[in-house]
Every structure is written in C-alpha cells, then in structure tokens.
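Presented below is the structure to which this report refers.
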Amino acid sequence: MSYFYYIALILIFGLLMGKIISYLKLPKVTGYLIAGVLIGPFGLRLISNDAIKGLTIISEAALGFIAYNIGSSLNYKKLKSIGKGIIVISLFEALMASVVVILAMKFILGQSWEFSLAIGAIASATAPAATIMVLKQYNAKGPLVDTLMPVVAIDDGIAVIAFGVAMAIVKMITKGADSVSLITFLEPFVEIISSVLLGSVAGFGLVYINKISKDKDNSMNFVIAAIFLVIGLAKFLNISNLLACMALGATVSNIVLNKSKLISALDNITAPIFMAFFTISGLELDLSVLKTVGLLGVGYVVFRVIGKVIGASLGAQIANSETVVKKYLGLTLVPQAGVAIGLTMIVGEALPEYGASIRAIILASTVIYELIGPVCTKIAITKAGEVYKEKKIDS
Numbered sequence: 000m001s002y003f004y005y006i007a008l009i010l011i012f013g014l015l016m017g018k019i020i021s022y023l024k025l026p027k028v029t030g031y032l033i034a035g036v037l038i039g040p041f042g043l044r045l046i047s048n049d050a051i052k053g054l055t056i057i058s059e060a061a062l063g064f065i066a067y068n069i070g071s072s073l074n075y076k077k078l079k080s081i082g083k084g085i086i087v088i089s090l091f092e093a094l095m096a097s098v099v100v101i102l103a104m105k106f107i108l109g110q111s112w113e114f115s116l117a118i119g120a121i122a123s124a125t126a127p128a129a130t131i132m133v134l135k136q137y138n139a140k141g142p143l144v145d146t147l148m149p150v151v152a153i154d155d156g157i158a159v160i161a162f163g164v165a166m167a168i169v170k171m172i173t174k175g176a177d178s179v180s181l182i183t184f185l186e187p188f189v190e191i192i193s194s195v196l197l198g199s200v201a202g203f204g205l206v207y208i209n210k211i212s213k214d215k216d217n218s219m220n221f222v223i224a225a226i227f228l229v230i231g232l233a234k235f236l237n238i239s240n241l242l243a244c245m246a247l248g249a250t251v252s253n254i255v256l257n258k259s260k261l262i263s264a265l266d267n268i269t270a271p272i273f274m275a276f277f278t279i280s281g282l283e284l285d286l287s288v289l290k291t292v293g294l295l296g297v298g299y300v301v302f303r304v305i306g307k308v309i310g311a312s313l314g315a316q317i318a319n320s321e322t323v324v325k326k327y328l329g330l331t332l333v334p335q336a337g338v339a340i341g342l343t344m345i346v347g348e349a350l351p352e353y354g355a356s357i358r359a360i361i362l363a364s365t366v367i368y369e370l371i372g373p374v375c376t377k378i379a380i381t382k383a384g385e386v387y388k389e390k391k392i393d394s
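Mind the numbering: the sequence shown is residues 0 to 394 in numbering that gives the first Met the number 0, read in order.
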C-alpha cells in the first residue's frame with residue numbers, strides 16, 4: 000500500500016477517535032493514541048510494523064515543531080518575571096524522580112545498585128509532546144502553565160546530564176574507578192552544549208534571513224526550513240535534535256518581538272501534524288511488553304510519579320511559587336517517551352545483562368504514561384483554574 004493511504008488512515012481514525020474521546024471529557028490526544036493502537040499491529044492491523052518504520056519522518060518533524068514551540072516560551076523577560084525558581088523546580092522534579100526510583104528499586108524491590116542507578120537516571124526524563132497538546136486543546140493559561148513550559152524544556156537537559164553521571168558511576172561499580180575518565184563525565188555536557196549551539200546559530204540565521212526578506216509572508220517557510228535543517232544536522236552530528244530545536248525557538252523568541260510571525264508561524268499548520276504524530280505514537284506502542292515487566296514495571300510507574308509529584312511540590316515550595324504550582328505541577332510531568340526510550344539503548348550497550356529488562360520496563364511504562372499523562376494534565380490545569388475555551392485543534 001502507498002504511504003498516502005496509511006497517512007489517510009491515520010488522519011481519519013485520529014479525527015474520529017479524537018471526537019469520540021472528547022465526548023467523554025478526556026483530552027483528544029488520548030483519543031489519537033487509542034486510534035493508533037486500534038489500527039496498528041495490536042488492533043485491526045491496517046498498518047504493519049514495516050509501514051510504521053516509514054512514517055517516522057512525520058514523528059521527527061512533529062517533535063521538531065513541538066520543541067520549537069516549547070523553546071519559544073523561554074523568553075528571558077518572561078522567565079525573569081517568573082523568577083529563578085524555574086531552575087530550582089526543574090532540578091527538584093527531575094532529580095527527586097531519580098532518587099525515589101533508585102531507592103525503591105534497591106531497598107524495596109531488591110535490585111542491584113547498577114540496575115537501580117541505570118533505571119533511576121532514566122526516570123528523570125519527561126516527554127513534553129502530549130502535555131503541550133493538552134495545553135493547546137484547552138487554551139490553558141496561567142501561573143501553572145507559565146511554569147510548566149520552561150520546566151519541561153529544562154527537564155531533558157537535566158535528564159541527559161543525570162543519566163551520563165549515573166552511567167559513569169555504574170561503570171565504576173562494575174569495572175573499577177580506573178575505567179572512568181573525565182571524558183565520560185563530560186560527554187552529556189558536550190551533547191547539551193553542542194545542541195544548544197546548533198539551535199542558537201540556526202536561530203540567529205533564521206531571524207537575519209527573515210529580516211532581509213522582502214516578502215514577509217515567507218516567515219512560515221523560513222521557520223519550517225530552519226527546523227528541518229536543525230533536525231537533519233543534529234542527527235548527522237549525533238546530538239539531541241529536541242534540545243537543538245528548543246534552542247532554535249528560544250533564540251528566536253529572545254531576539255524578536257513576541258508579535259513576530261516567526262513565533263506564531265506554525266500555529267495554522269500544526270493541527271494535522273500533531274494529530275498524525277500522536278496517532279503514529281499509538282501505532283508504535285508495543286502492548287506485548289505489558290505482560291513481561293511484572294512487579295518491577297509497576298514499581299517503576301508508581302515510584303516515578305511519586306518522585307515527580309514530591310519533587311515538583313518541594314521545588315515550588317522552596318521557590319515560593321504560587322499555590323497552584325505547588326499543588327498541581329507534578330501531575331503535568333507524568334508522560335515519558337522518546338528521550339527515555341533512547342537512553343535504554345545506551346543502557347543495553349553499557350549493561351547488557353540488564354539492558355533487555357530495563358528496556359521492557361521503560362517501553363511498558365511508556366504505554367501507561369502516554370495514556371494517563373494527558374488525563375493527569377487536564378485534571379491539573381482544570382483544578383488550577385487555567386482552562387479557557389477549548390480549541391478545535393483537529394479540524
């Protein structure tokens with residue numbers, strides 16, 4: 000079958016399930032994920048695993064758009080008005096999730112230090128895509144959302160660093176201190192700096208080209224081209240395209256006026272792309288792993304959420320954030336996907352004896368988190384009183 004046929008199926012089923020799920024007062028992104036499961040290998044099998052692999056370019060493009068959108072929220076003046084507490088909150092929510100999972104795996108579930116450190120480091124990562132989609136659907140605005148956007152942007156950077164340090168410690172435990180060099184500790188920092196540098200350079204280039212262009216209606220084309228260029232270069236350089244696209248958006252946001260078309264350029268074209276992205280994410284959910292993870296999988300799902308909620312609340316208390324942030328921020332940080340799955344690949348190479356089980360746990364938890372995460376986010380923004388008129392994002 001042609002890929003045009005598959006894309007049509009994805010959009011049609013995504014649209015239908017989004018409508019159906021909205022009648023149940025649930026976020027449409029949950030409907031898109033269910034639509035993907037329904038038409039995929041674990042449902043009606045209308046789209047095969049081989050076909051799914053060919054659709055990854057849509058997912059990569061959508062993630063680039065999402066990351067650009069998150070980055071554009073990192074405006075210095077806006078962050079300054081919120082305060083330095085953003086860094087404190089980000090550190091606490093990310094690292095507390097890791098600490099809680101590490102301690103639970105070691106002392107409650109009886110796993111080795113190597114296993115506990117590796118999976119605990121992965122626990123810090125949060126997937127922003129589903130959360131951002133929910134915020135868009137409900138046109139959410141307020142202190143909670145203003146805090147959430149920069150927190151999820153910073154979160155991935157913290158996750159990469161925490162994982163790099165944890166794996167260095169694991170290497171010392173398994174092979175001795177002599178096996179770890181300074182380079183091992185510096186690798187995650189180099190990746191983050193390289194990603195931010197790439198995105199920043201591209202951002203300055205984008206603003207300059209848009210400025211000298213005589214046709215101001217080309218802003219959308221310039222933004223899309225810049226995002227695709229950054230994704231391509233990041234993949235070539237083997238650095239984080241998510242962080243690079245965030246840096247691209249952040250750079251643009253800080254050197255142009257907020258009303259610039261470069262900030263809002265993607266608003267009118269992202270709806271079908273995001274719908275396709277989440278439906279494809281549903282296609283990729285491997286439900287077979289759910290029956291293999293057992294108590295460790297349940298423990299990971301539960302203790303990571305506990306760590307996120309406690310960490311976000313504690314960080315917000317220290318930062319003296321508003322009450323709604325202290326109460327509900329943790330609930331918006333439940334989803335976990337791309338970065339976490341990518342980190343399991345590194346674990347598999349560094350710790351082959353634990354790689355398969357850790358990957359199974361992360362994949363299974365992804366299924367659960369991606370389905371319940373949007374619902375948790377909706378509950379949080381509703382309780383915080385930050386839901387405004389719902390947008391028709393799928394039509």
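C-beta atoms are modelled at their ideal positions from N, C-alpha and C, and glycine is treated no differently.
| Asked | Found |
| --- | --- |
| Among the candidates Y5, A66, G314, whose CA atom is the shortest distance from the CA of N48? | Y5 |
| Hey, could you find the ends of the alpha helix (DSSP H) R303 is sitting in? | 293–317 |
| Please specify which runs of the alpha helix (DSSP H), each continuous and at least 4 residues long, are wholly inside the segment 169–255, giving them in chain order. | 181–211, 218–236, 240–254 |
| Exposed or buried, which one is G39 when buried takes at least 16 other CB atoms within 10 Å? | buried |
| Could you tell me whether the segment 97–117 touches the segment 125–144, where touching means 3 or more Cβ pairs closer than 8 angstroms? | no |
| What's the C-alpha gap between N209 and L196? | 20 angstroms |
| Leaving aside the five residues before and after S312 along the sequence, list all residues of the same chain whose C-beta is less than 8 angstroms from its C-beta, in chain order. | K325, K326, L328, G329 |
| Just to confirm the assignment, what range does the alpha helix (DSSP H) spanning I272 have? | 269–283 |
| Given this structure, state the Cα-to-Cα distance separating G17 from M171, to the nearest angstrom. | 49 angstroms |
| Taking 8 angstroms as the threshold, find out whether the segment 287–302 comes into contact with the segment 258–278 through three or more Cβ pairs. | no |
| Just list the alpha helix (DSSP H) runs in the segment 58–83, keeping only unbroken ones of 4 residues or longer that don't cross its boundaries, in chain order. | 75–81 |
| Which same chain residues, not among the five before or five after P149, have their C-beta less than 7 angstroms away from its C-beta? | S72, L73, L78, I85 |
| Tell me which same chain residues have a C-beta within less than 7 angstroms of the C-beta of S89, skipping the five on either side of it? | V150, I153, D154, I157 |
| Which residues in the same chain have their Cβ closer than 6 angstroms to the Cβ of S394, if we skip the five residues on either side of it in sequence? | Reliability fails at S394, whose pLDDT of 46 lies under 50, so the model's placement of it is uncertain and the value that follows must be treated cautiously. So the list is empty, once near-sequence residues are dropped. |
| I371 to I192, Cα distance in whole Å? | 33 angstroms |
| Look at the alpha carbon of L45 and the alpha carbon of V36, and state the distance between them as a whole number of angstroms. | 10 angstroms |
| In three-state terms, what does DSSP make of N138? | coil |
| Which same chain residues, not among the five before or five after V100, have their C-beta less than 7 angstroms away from its C-beta? | I118, G119, A122, Y299, F302, R303, G306 |
| With Y75 and N253 assumed to form a contact (beta carbons below 8 angstroms), what rounded beta-carbon distance in angstroms separates them? | 5 angstroms |
| Taking the alpha helix (DSSP H) that M16 belongs to, which residues open and close that run? | 2–22 |
| Buried or exposed: where does A315 fall if 16 or more other Cβ atoms within 10 Å of its Cβ makes it buried? | buried |
| Are F91 and G310 touching if we call contact CB-CB under 8 angstroms? | yes |
| Pull up the distance between the alpha-carbon of A60 and that of N240, whole angstroms please. | 10 angstroms |
| Could you check what DSSP says for I361 in three-state terms: helix, strand or coil? | helix |
| Which residues in the same chain have their Cβ closer than 8 angstroms to the Cβ of A139, if we skip the five residues on either side of it in sequence? | V133, I380, E385, V386, Y387 |
| As a quick exercise: from A336, L282, V164, K260, pick the residue whose alpha carbon is nearest that of F12. | L282 |
| I need the straight-line Cα distance from C375 to F203, nearest angstrom please. | 37 angstroms |
| Leaving aside the five residues before and after D285 along the sequence, list all residues of the same chain whose C-beta is less than 7 angstroms from its C-beta, in chain order. | L362 |
| Contact defined as beta carbons within less than 8 angstroms: I believe G248 pairs with G70. What is the distance between those atoms, to the nearest angstrom? | 3 angstroms |
| By Cβ distance, which residues of its chain are closer than 8 angstroms to I57, with the 5 residues on each side in sequence left out? | I6, I272, A275, F276, I279 |
| Using the C-alpha atoms, what's the distance from A233 back to E352? | 30 angstroms |
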